[in-house]
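Enquirer:
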Amino acid sequence: GQHKVVKGLNLQVDEGEIFGFLGRNGAGKSTLINMLTGIIRPTSGSFTLLGVPCPNSHIKKMIGVMPDYSVFYGNLTVL
């Protein structure tokens with residue numbers, strides 16, 4: 001079935017502010033970040049960042065993500 005992870009969210013972050021998402025497993029943190037960056041599309045609704053409809057390539061450059069697991073490959077080397 002369909003499970004609504006992010007529903008009725010209204011968030012305002014002013015220009016220059018730094019913020020993070022905290023919450024339990026399954027709360028929708030990763031889903032929200034993935035929607036902001038365009039990795040997944042919301043089934044309904046819309047959002048803007050700095051007044052620009054998202055996802056947008058200019059806005060994507062302004063979003064940083066710190067995963068909770070290592071994304072580096074330990075078996076790779078550089079010559």
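With the first letter of the sequence shown counted as 1, position 73 gets the number 73 in the UniProt record's numbering; the numbers rise by one all the way through.
Idealized CB from N, CA, C, for every residue including glycine.
From a predicted model like this one, the values you see are computed outputs, not experimental measurements.
#1: Taking a contact to mean a Cβ-Cβ separation below 8 Å, would you say threonine 37 touches lysine 60 in this structure?
#2: Output needed for proline 42: all residues of its chain with C-beta closer than 6 Å, excluding positions within five of it in sequence on either side, in chain order.
#3: How big is the Cα-Cα spacing for leucine 49 and leucine 32?
#4: Would you identify the three-state DSSP class for leucine 11, choosing helix, strand or coil?
#5: What's the C-alpha gap between valine 78 and isoleucine 63?
#6: If you drop the 5 nearest sequence neighbours on each side, which residues of the same chain put their C-beta closer than 6 Å to that of phenylalanine 21?
#7: Pick helix, strand or coil for threonine 48, following the three-state DSSP scheme.
Expert: Taking the structure as given:
#1: yes
#2: Met35
#3: 13 Å
#4: coil
#5: 28 Å
#6: Lys29
#7: strand
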